[in-house]
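Below you'll find the structure, written out as structure tokens, and then a few comments.
Residue numbers (the UniProt record's numbering): 1 to 435.
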């Protein structure tokens, strides 16, 4: 497929992903893909293990899901090569048609917006808890204005998050992604070590259950897995930024990234659940004593981890708005400075708008724990449904053998059905809990 032209594959002439900036190394791609998945979902895994009914059922569901997760990434790389598009929504629109493409853009924008709000909310909570730990030696009093997240979170957004979100290409994030990945590793190791050391002041439930109360409880972990492993939105952009692009190489990058992610999530989920049992908080760090120095460091590093993944989410959301800008009158007949959506005069206002909107929502929405299932349900579109549809549609334009075509189409149908089930189950469960 690498040596073929679009005409030889029976496709119309389309933009070649190779024309985009191919500056990303394989190791950089692994770190960005790994960091894209290591977000706020890391703190929810012990709680998800508790809802699933124990360690064994949760790990079984996670391992089965890993097959579909890797499959979705590989399909997206293949679809990007077939369609010649450099963005997720461009691939879906190019292969599945404009109607599915518009649905993808709408889901893409809403999902990334809510993820950004969730990230900022988690950062704000960690900053507030950190300030409380630093001020714990003072007499009880109302929290000072400079320790309130309504001050610290906007300050952090302006001084750190906004500059990190300004670059044009996603390849820049490989440097911050290394730091964020190390921070996630530290959190997983801290939770593991704390289980064995059992420091003073740490209360835990003895002998938590290791088996589910019912087989239906195993499905409750699906939203957290989708919320935690959602790196598929960035897959096409990462693939198109790589210097070495082949399906086998991309498959290796995908497997390495998700195996590392799975190990971190599993350690956090298993030992967080074994430490606190059914009493574990939805944010596992909130279950630990606030004056524990190791936990304080973990709070700081986890906040750093979320800060480094926020620009990746913003980059993806901005790409949707840039595509819309390119198709609008400003992109077609506007001034020269505004014709290029990736130019400074368009990119920076869109970046500032995204940070402002998500920051405002994070400050005024009191709690996002109830809608984590909804976010996980929407993520199932990008992990299962849209990759499955792309695979089915690609079979109509890419010449393959009849047996291979039949097998791939069946797998595409299975992915769509599994994603539809997870979306329905997650949404109904989330709405039922809120009611």
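No residue lacks a Cβ here, since even glycine has one placed at the ideal position from N, Cα and C.
Member of 222, 195, 98 whose CA lies at the smallest distance from the CA of residue 59: 222
Where residue 114 falls: helix, strand or coil (DSSP): helix
Residue 105 burial status per 10 Å Cβ neighbour count (16 or more: buried): buried
Identity of the residue in 82, 91, 162 nearest residue 308 by Cα: 162
Residue 181 burial status per 10 Å Cβ neighbour count (16 or more: buried): buried
Pairwise C-alpha distance: residue 358 and residue 344: 21 Å
Whole-angstrom distance between residue 312 and residue 259, CA atom to CA atom: 20 Å
Residue 135 - DSSP class collapsed to helix/strand/coil: coil
Cβ-based burial, residue 289 [other Cβ within 10 Å; buried from 16]: exposed
Closest by C-alpha distance to residue 198, when choosing among 271, 47, 111: 271
Pick from 98, 409, 144, 233 that is closest to residue 327, judged by C-alpha positions: 98
Buried or exposed by the 16-neighbour rule on C-beta atoms within 10 Å, applied to residue 78: buried
Limits of the unbroken alpha helix (DSSP H) element including residue 225: 222-228
At least 3 beta-carbon pairs within less than 8 Å: the region 387-400 vs the region 63-83: yes
Any non-hydrogen atom of the ligand GDP closer than 6 Å to residue 144 Cβ: Absence of the ligand GDP is noted for the structure shown, with no ligands found whatsoever.
Simplified DSSP assignment, three categories, for residue 162: helix
Where residue 63 sits in the DSSP three-state scheme: helix
Residue 101 and residue 110 closer than 7 Å at C-beta: no
Through-space distance from residue 246 to residue 30, alpha-carbon basis: 15 Å
Rounded C-alpha distance that separates residue 96 from residue 148: 47 Å
Alpha helix (DSSP H) runs wholly inside the region 343-384, at least 4 long, in chain order: 344-364, 372-380
Segment contact flag, the region 296-303 with the region 120-130, C-beta cutoff 8 Å, min 3 pairs: yes
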